[in-house]
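Data first, discussion second: the structure below is written as structure tokens.
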């Protein structure tokens, strides 16, 4: 677990060290509602807010919802770093990685064996992937995002998600 704490600390330190650079550039916060398809246990709807740090680096927070095991209403949240690669016409590819928390349903067993219910639990997750951001106009972008998610703990699992969303600027340029 020491490696996980070190990785989170390095991510936060790197982000905070780059913050003074953001004041020199005219960039805005972007909001992206999305729908997703993926493996079992992946969140099908959510919203992400991207905060620019430099012209090629952003920090994104994400909140998602899914109908979980045992019919629980499972929420998840992630914080990721997005590194934007050089533009290819109207498209900008990016690489993403981050950490988060995710709810899941853990079975509750009776004394004679079969499950009798589900209890909501929380697991730490990490994600990695990338995507493509296609500019429609000055304030609107289409975004396709593919991510691999790995949760840790006694009920750890892996998921893969492809999300499609419309990203719009939440402020002035």
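Residue numbers (the working numbering): 232 to 404. Cβ coordinates follow ideal geometry from the N, Cα and C atoms, glycine included.
field: Buried versus exposed, by CB contacts within 10 Å (16 or more), residue 289
entry: With 16 or more other Cβ atoms within 10 Å, it is buried.
- request: Closer than 6 Å by C-beta to residue 340: which residues in its own chain qualify, once you throw out the five before and the five after it? Chain order, please.
  value: Excluding sequence neighbours, residue 340 sits near 346.
query: How big is the Cα-Cα spacing for residue 281 and residue 292?
result: The straight-line gap from Cα to Cα measures roughly 7 Å.
message: Going by the DSSP bridge assignment, what does residue 334 pair with across the sheet?
response: The partner list for residue 334 (beta bridge, DSSP) reads 353.
query: Considering only C-alpha positions, which residue in the set 357, 382, 371, 365 is nearest to residue 319?
result: It is 365 whose Cα lies nearest to the Cα of residue 319.
field: With 16 other Cβ atoms within 10 Å as the buried cut-off, status of residue 283
entry: Residue 283 is buried by the Cβ-count criterion.
field: Secondary structure, beta strand (DSSP E): runs of 3+ residues fully inside the segment 264-348
entry: Entirely contained in the segment 264-348, the beta strand (DSSP E) runs reaching 3 residues are, in chain order, 276-283, 288-298, 304-315, 322-340.
- prompt: Relative to the alpha-carbon of residue 312, which residue among 258, 325, 276 has its alpha-carbon at the smallest distance?
  reply: Minimum Cα distance to residue 312 is reached at 325.
message: Between residue 300 and residue 356, how many whole angstroms is the CB-CB distance? I'm expecting something under 8 Å.
response: Separation of the CB atoms of residue 300 and residue 356 is rounded to 16 Å, and the pair is thereby denied contact status at 8 Å.
query: DSSP state of residue 401, grouped into three classes?
result: Reduced to three states, the DSSP call for residue 401 is coil.
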